[in-house]
Structure formats: C-alpha cells, structure tokens
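A.B. asks: In full-length UniProt numbering, the protein residues as written are 1 to 188. In this text, a Cβ means the ideal position worked out from N, Cα and C, and glycines have one as well. Shown below is the structure under consideration.
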C-alpha cells in the first residue's frame with residue numbers, strides 16, 4: 001500500500017498532466033476555429049469553371065454539388081437527356097449489327113450435287129461513339145465576370161471547343177458559398 005506522501009505526489013503529477021492536456025486541447029480548438037474562419041471560400045469564377053468541367057465530363061453528382069436547387073434540377077434534366085440519347089444510340093447500333101447477319105435457316109441440309117450456301121459476309125463492327133473529350137480547369141477560361149451583391153454572372157469559354165462560344169452562368173450566394181443557379185442563354 002502506497003504511503004500518504006507517495007499518494008500526494010501521484011495526485012500532483014496527475015493534475016499537472018491533466019492541465020497540460022486541457023491546455024493542448026484548448027490550443028487545438030482555437031487553431032481549428034481560427035483556420036476555418038480564415039479559410040478562403042471559392043470565388044464565383046472558380047465555381048463556374050468547376051461546374052462546366054464537371055458537367056462536360058459527365059460527373060453529374062459533382063456538378064449538382066456546385067449548384068443550388070434550381071441548378072441541380074437543370075443538371076438532372078441534362079443527365080436524363082444524355083441518358084435518353086445514349087439509349088437511342090445503343091438501340092440503333094444494335095439494330096445495325098443484327099441486320100444482314102441472319103443465315104439461311106430454311107433448309108439446313110445440303111442436297112447432293114448442290115453447293116452449300118455461302119456464309120454471310122461479316123458485318124463491319126459498328127463505329128465507336130465519338131470519344132468524349134475530358135476537360136480540365138486549364139481547358140476553360142473565364143471571359144467575363146460580374147458580381148452584384150449575392151449574384152454573379154460568369155461567362156466561361158471551353159478553349160478545346162471554342163466554336164461553341166461562351167457559356168453564361170448565373171450564380172447566387174447561399175450560406176456563404178457560391179452556387180450555380182442557371183445557364184442564362186439570353187445573357188450572351
């Protein structure tokens with residue numbers, strides 16, 4: 001059994017450790033609050049470029065994360081249109097592949113003195129869909145940007161497909177973050 005002096009020394013050492021631990025926790029918490037308060041929020045231009053990149057690369061969930069409710073509905077609509085066009089393209093490709101591959105199955109037996117029917121010519125494989133060009137942020141350029149309070153208008157140019165022109169986006173600030181609200185075709 002420890003003596004009374006040993007017990008007091010143990011308690012004193014324990015208290016010192018607890019004070020150091022409490023101080024360390026307080027410093028860590030203060031640092032966390034300070035760094036999170038000072039963290040730079042994304043600009044409307046950065047959000048617009050990321051949105052266009054994710055939309056072009058068909059990362060619809062990532063694009064929706066950069067949009068408000070209205071913008072997310074627009075992304076869902078674009079995704080469903082893409083899915084429908086993909087299904088139509090696949091159906092057309094399957095129809096083309098089946099065409100001309102049916103063999104003469106009426107008389108599978110060969111009669112003596114006749115030649116066997118020629119095998120159907122091999123059908124060329126369906127052409128591959130045009131490869132999708134994946135964009136990076138470097139492929140996009142902000143041509144113009146206007147911030148008016150909690151609204152921003154950003155025109156983004158795809159440098160790989162400059163013939164398409166600029167994509168005008170309307171962004172709104174929600175909860176301190178910029179979110180894409182819509183693509184504004186009238187505001188070109």
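I'd like the ranges of any alpha helix (DSSP H) spanning at least 4 consecutive residues and lying wholly in the region 14–78.
C.D. replies: Counting whole runs of 4 or more residues, the region 14–78 contains the alpha helix (DSSP H) stretches 44–56, 60–65.
A.B. asks: When burial is assigned at 16 or more other CB atoms within 10 Å of the CB, is residue 2 buried or exposed?
C.D. replies: Residue mapping note: residue 2 aligns to position 2 of the chain shown, counting from 1. Label assigned to residue 2: exposed.
A.B. asks: Could you check which residue in 23, 22, 48, 20 has the C-alpha nearest to that of residue 136?
C.D. replies: Translated into the one-based positions of the chain shown, residue 136 becomes position 136. Here the closest residue by C-alpha is 48.
A.B. asks: For residue 184, which three-state DSSP category applies?
C.D. replies: If you number the chain shown from 1, residue 184 lands on position 184. In this structure, residue 184 counts as coil in the three-state DSSP scheme.
A.B. asks: Classify residue 6 as helix, strand or coil using the three-state DSSP reduction.
C.D. replies: For the purposes of this step, residue 6 is taken as the residue at position 6 of the chain shown. Residue 6: helix per DSSP, three-state reduction.
A.B. asks: Tell me whether residue 10 is buried or exposed, calling it buried when 16 or more other Cβ atoms sit within 10 Å of its Cβ.
C.D. replies: Translated into the one-based positions of the chain shown, residue 10 becomes position 10. When all chains shown are included, residue 10 counts as exposed.
A.B. asks: Using DSSP with H/G/I as helix, E/B as strand and the rest coil, what is residue 103?
C.D. replies: The residue labelled residue 103 in the question sits at position 103 within the chain shown. Per-residue confidence for residue 103 stands at a pLDDT of 49, beneath the threshold of 50, marking its modelled position as unreliable; the derived number appears in the next sentence. The answer is coil: DSSP assigns residue 103 none of H, G, I, E or B.
A.B. asks: How long is the line joining the alpha carbons of residue 69 and residue 172, rounded to whole angstroms?
C.D. replies: For the purposes of this step, residue 69 is taken as the residue at position 69 of the chain shown. For the purposes of this step, residue 172 is taken as the residue at position 172 of the chain shown. Roughly 11 Å separates the two Cα atoms.
A.B. asks: Name the two residues that bound the continuous beta strand (DSSP E) containing residue 138.
C.D. replies: Stepping through the chain shown from its first residue, residue 138 is reached at position 138. From DSSP, residue 138 is part of no beta strand (DSSP E); its letter is neither H nor E.
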